[in-house]
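Going by the numbering used here, the first residue of the sequence shown is number 172, and it counts up by one from there. I have placed the structure first, in the form of structure tokens, so that the comments after it can refer back to it.
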Amino acid sequence: MLKSLMKITDKICNTLGHLSSVLFLLLLANVVYDVVMRYVFNDVSIAMQELEWHLFAAVFLFGVPFAVKTHGHVRVDIFYERFSPKVQSIIDILGVLFWLMPFSLLVAWYGIDFAYQAYDIGETSGDPGGLPYRWIIKATIPVSFLFIAISGIGLILHSLERLTREGVR
Numbered sequence: 172m173l174k175s176l177m178k179i180t181d182k183i184c185n186t187l188g189h190l191s192s193v194l195f196l197l198l199l200a201n202v203v204y205d206v207v208m209r210y211v212f213n214d215v216s217i218a219m220q221e222l223e224w225h226l227f228a229a230v231f232l233f234g235v236p237f238a239v240k241t242h243g244h245v246r247v248d249i250f251y252e253r254f255s256p257k258v259q260s261i262i263d264i265l266g267v268l269f270w271l272m273p274f275s276l277l278v279a280w281y282g283i284d285f286a287y288q289a290y291d292i293g294e295t296s297g298d299p300g301g302l303p304y305r306w307i308i309k310a311t312i313p314v315s316f317l318f319i320a321i322s323g324i325g326l327i328l329h330s331l332e333r334l335t336r337e338g339v340r
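Here you go:
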């Protein structure tokens, strides 16, 4: 059962990593389009500029679970790398339980209301020509933080597996 749960969390994180990569390519295309339109055709689009930060936010928010899975997140490696695999696993488990999980679930919980309020009032961009449906980008906050919590569960499972392997000190 532990293996099947690890496969599920790994699949989710890998899928989000691929999604983040695709969103990054869309962001890149959007920026190139925006620059060409601005400097070659002297045409500025507020909607395209807003789409840039929407895509950037989505790239970051959906990329974090993949970073947690691949150990690409911020850590004080100068100390962590010197510890034994057993101590590293314990640090990972405690970090998820006492920091990542509470923070992720708290942001997800309050993010739901944040996105719902934007949907309920029909929030749009404050700029003329800006993007409508501001709730869509706001909804990525609770969704992505739930995925971050899931990636934390995956990290705990992998750490537990590492701890139970024979010969781990």
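By construction, the Cβ of each residue, glycine as well, lies at the ideal position given by its N, Cα and C atoms. Owing to the predicted nature of the structure, the values given are computational and were not obtained by experimental measurement.
Proximity winner among the options, relative to residue i (alpha-carbon distances)
i      : options                           : result
Phe119 : Thr311, Leu268 and Val211         : Because the chain here runs from 172 to 340, residue 119 falls outside it and cannot be looked at.
Leu199 : Leu176, His225, Ser175 and Ile319 : His225
Asp298 : Val230, Lys174 and Leu222         : Leu222
Leu196 : Phe285, Ile308 and Phe231         : Phe231
Ala320 : Phe212, Ser191, Leu268 and Arg246 : Leu268
Buried or exposed (CB count within 10 angstroms, at least 16 for buried), residue i
i      : result
His242 : exposed
Asp214 : exposed
Ile217 : exposed
Leu187 : buried
Gly325 : buried
Phe233 : buried
Ile292 : exposed
Lys309 : buried
Ser255 : exposed
Pro313 : buried
Residue i versus residue j - alpha carbon distance
i      : j      : result
Phe250 : Val203 : 41 Å
Tyr210 : Gln220 : 14 Å
Asp263 : Arg336 : 16 Å
Ser260 : Tyr281 : 30 Å
Trp270 : Leu276 : 10 Å
Met172 : Phe318 : 20 Å
Glu294 : Ala229 : 19 Å
Ser296 : Asn201 : 18 Å
Leu334 : Asn185 : 23 Å
Asp344 : Phe212 : With the chain covering 172 to 340 only, the question about residue 344 has no answer from this structure.
Asp284 : Lys178 : 31 Å
Asp181 : Glu332 : 14 Å
Gly266 : Phe274 : 11 Å
Ser175 : Val193 : 27 Å
Anticipated Cβ contact below 8 Å, residue i with residue j, distance rounded
i      : j      : result
Gly323 : Val258 : Actually they are not in contact, since the Cβ atoms of Gly323 and Val258 sit about 19 Å apart, beyond 8 Å.
Ser315 : Val235 : 7 Å
Leu289 : Trp306 : The sequence given here places Ala at residue 289; Leu does not occur at that position. Yes, they are in contact, since the Cβ atoms of Ala289 and Trp306 sit about 4 Å apart, within 8 Å.
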